[in-house]
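**Student:**
Numbering (this note's numbering), first residue to last: -11 to 75.
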């Protein structure tokens, strides 16, 4: 299938290809260029993270244990697996 690079350096993936492999608006792609000029695009998932320091993690743990107030679902989903970064 032939595509053309526009003046901004962009290409359009035909809808038949996007539908066939399940690419939607906002899909992130990793691009690899191999010897000889071959290009491989691989869809990747990006998950936002919430990082807490030790003090913040301790407060979160205490809040979870207290059971006094239920955390909003949106926030709960973002911090469900919160942990400190050992690096």
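Yeah, the Cβ is synthetic: ideal placement off N, Cα and C, and Gly gets one too.
Is the separation between the beta-carbon of residue 2 and that of residue 17 shorter than 7 Å?
**Tutor:** Translated into the one-based positions of the chain shown, residue 2 becomes position 14. Translated into the one-based positions of the chain shown, residue 17 becomes position 29. Their beta carbons are not under 7 Å apart, which means residue 2 does not touch residue 17 by this criterion.
**Student:** Which of the three DSSP states is assigned to residue 9 in this structure?
**Tutor:** The residue you call residue 9 lines up with position 21 of the chain shown. In this structure, residue 9 counts as helix in the three-state DSSP scheme.
**Student:** What is the DSSP secondary structure of residue 30, counted as helix, strand or coil?
**Tutor:** For this step, residue 30 is matched to residue 42 along the chain shown. Three-state DSSP puts residue 30 in a strand.
**Student:** Tell me the rounded alpha-carbon separation between residue -4 and residue 10.
**Tutor:** Residue mapping note: residue -4 aligns to position 8 of the chain shown, counting from 1. Residue mapping note: residue 10 aligns to position 22 of the chain shown, counting from 1. Straight-line Cα distance between these residues: approximately 25 Å.
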